[in-house]
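Asks: Handing you this structure, nothing more for now.
2 protein chains.
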Amino acid sequence: MDLAELQATIRATYGEADRARGVDATFGWFVEEVGELSRAIRREGHGRQVEEFGDVLAWLVTLADLCDVDITEAARRYGHGCPKCDASPCTCVHG
Amino acid sequence: MDLAELQATIRATYGEADRARGVDATFGWFVEEVGELSRAIRREGHGRQVEEFGDVLAWLVTLADLCDVDITEAARRYGHGCPKCDASPCTCVHG
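Residue numbers (our numbering), protein chains in the order written: chain A, 1 to 95; chain B, 101 to 195.
If you want it as structure tokens, here you go:
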């Protein structure tokens, strides 16, 4: 799936409601989905986890669109490895 | 950018460190980036916002990979509109 197409579809689906709701309230919805993802990882099975990862991704993309951020441009930093050390595998220290 | 290619690159870049760190600690890193995204949206400019959306997306994809979730399968629910009402624009009520 192409990220730019996903952003365009999400804009067509939710853009008008997002703009009416605004950035702060949309961030709240996004964080609610992050909580549901946490629960799915800890207590639920693979099917629910797939759904919740999809929900968090969709709210992240809709929030990016509301902030005039191109999620493809955002993803491009990771397109060839780590944006900090430029290596793949990464040679940064992440605890 | 193709989501499956992004997941494969992120797995090659971070997969070994992710598996050593585990799901719980990786979720912690993901949430830290969500906090940084909040700050970027509230207080910083477009360039920082692009970076932070990229960081949150990358940690979401790396977490999905650690949970054996195909982020493309997860995104597919939103590929043609709202997964609840099947419409685009969405006709669900989201506050």
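Where a beta carbon is used, it is the ideal one built from N, C-alpha and C, also for glycine. Predicted model only: the values in this text are computed from it and were never measured.
(1) Would you list, in chain order, the members of the stretch 12 to 24 of chain A that have their beta-carbon closer than 8 Å to a beta-carbon of chain B?
(2) Can the beta-carbon of F153(B) be found less than 8 Å from the beta-carbon of A74(A)?
(3) Cβ closer than 7 Å: which chain B residues qualify as neighbours of Q49(A)?
(4) Taking C-alpha atoms, which residue in S138(B), G181(B) and A164(B) lies nearest to V123(B)?
(5) Would you tell me roughly how many angstroms separate the C-alpha atoms of I141(B) and Q149(B), rounded to the nearest one?
(6) For D68(B), which three-state DSSP category applies?
(7) How should C82(A) be labelled, buried or exposed, when 16 other C-beta atoms within 10 angstroms of its C-beta is the threshold for buried?
(8) Who are the near neighbours of I171(B) in its chain, counting only those whose CB is closer than 6 Å to its CB and skipping five residues on each side?
(9) Residues of chain A with CB under 7 Å from A164(B), in chain order?
(10) In angstroms with no decimal places, state the Cα-to-Cα distance between V56(A) and A112(B).
(11) In chain A, what lies closer than 9 Å to D102(B) by C-beta?
(12) DSSP has D2(A) in a bridge; who is on the other side?
(13) Assign T126(B) to buried or exposed, taking buried as 16 or more other Cβ atoms, counted over all protein chains shown, within 10 Å of its Cβ.
Replies: Looking at the atomic coordinates:
(1) Cβ contacts with chain B come from A12, T13, Y14, G15, E16, A17, R21 and V23.
(2) Stepping through the second sequence from its first residue, residue 153(B) is reached at position 53. Stepping through the first sequence from its first residue, residue 74(A) is reached at position 74. Note that the C-beta distance between F153(B) and A74(A) is below 8 Å.
(3) If you number the first sequence from 1, residue 49(A) lands on position 49. Under the 7 Å cutoff, chain B gives C167 and V169.
(4) Here residue 123(B) is taken as the residue at index 23 of the second sequence, counted from 1. With distances taken between Cα atoms, V123(B) lies closest to A164(B).
(5) Position 41 of the second sequence, counted from the first residue, corresponds to residue 141(B). Position 49 of the second sequence, counted from the first residue, corresponds to residue 149(B). Answer to the nearest angstrom: the Cα atoms are 6 Å apart.
(6) With chain B running from 101 to 195 in the structure shown, residue 68(B) is simply not present.
(7) Reading the first sequence from its first residue, position 82 is the one you call residue 82(A). By the 10 Å Cβ count, C82(A) comes out buried.
(8) Within the second sequence, the letter at position 71 stands for residue 171(B). Excluding residues within five positions, the ones whose Cβ falls inside 6 Å are L103, Q107, V161 and A164.
(9) Reading the second sequence from its first residue, position 64 is the one you call residue 164(B). Going along chain A in sequence order, the residues near A164(B) (Cβ under 7 Å) are F53.
(10) Locating residue 56(A) in the first sequence gives position 56, counting from the first residue. Locating residue 112(B) in the second sequence gives position 12, counting from the first residue. Approximately 23 Å, taken between the alpha carbons.
(11) Reading the second sequence from its first residue, position 2 is the one you call residue 102(B). Within 9 Å Cβ-Cβ: M1, D2 and L3.
(12) If you number the first sequence from 1, residue 2(A) lands on position 2. Partner(s): D102(B).
(13) On the second sequence, residue 126(B) is found 26 positions in, with the first residue counted as 1. By the 16-neighbour rule on beta-carbons within 10 angstroms, T126(B) is buried.
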